[in-house]
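Working notes for the structure below.
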Amino acid sequence: RQSHSLGSVLRCNYCNNEENGQRSREYEEQRKEAMLHFQMTLGDIEVQMEQHSSHNAKLRQENMELADKLKKLIEQYELREELPIVWFSYASTLLHMNV
Numbered sequence: 018r019q020s021h022s023l024g025s026v027l028r029c030n031y032c033n034n035e036e037n038g039q040r041s042r043e044y045e046e047q048r049k050e051a052m053l054h055f056q057m058t059l060g061d062i063e064v065q066m067e068q069h070s071s072h073n074a075k076l077r078q079e080n081m082e083l084a085d086k087l088k089k090l091i092e093q094y095e096l097r098e099e100l101p102i103v104w105f106s107y108a109s110t111l112l113h114m115n116v
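Numbers 18 to 116, taken from the numbering used here, label the letters of the sequence shown in order.
Structure follows, in structure tokens:
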């Protein structure tokens with residue numbers, strides 16, 4: 018009887034080891050799948066960051082160009098505003114010299 022019980026215990030122990038091994042393999046497979054998914058997600062994020070960085074650089078360049086154009090327009094406007102004052106001053110000086 019004891020040998021029969023010992024055989025049952027050994028078979029049960031073997032079954033438990035097999036179950037534990039199977040669980041361990043399943044866990045390892047799930048861990049690998051999760052890691053692969055994580056790496057793919059990180060790769061996608063890196064690609065998006067590079068695209069956004071490139072797009073932002075273009076927008077920054079556009080903004081600088083537009084700022085320069087606006088500055089030139091403001092300078093031209095200020096010159097147009099000053100021109101009549103300069104002419105008026107010049108004409109006034111000429112009139113005073115003739116009088």
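Virtual Cβ for every residue (Gly too), placed ideally from N, Cα, C.
In angstroms with no decimal places, state the Cα-to-Cα distance between residue i and residue j.
{"i": "Y44", "j": "S22", "result": "32 Å"}
{"i": "Y31", "j": "R42", "result": "16 Å"}
{"i": "W104", "j": "Y94", "result": "16 Å"}
Does residue i come out as helix, strand or coil in the three-state DSSP assignment?
{"i": "Q19", "result": "Reliability fails at Q19, whose pLDDT of 48 lies under 50, so the model's placement of it is uncertain and no value is given."}
Here's a check: name, in chain order, each residue in its chain whose Cβ is nearer than 7 Å to the Cβ of residue i, leaving out the five neighbours to either side.
{"i": "Q2", "result": "Outside the shown range of the chain, which is 18 to 116, sits residue 2, and nothing can be said about it."}
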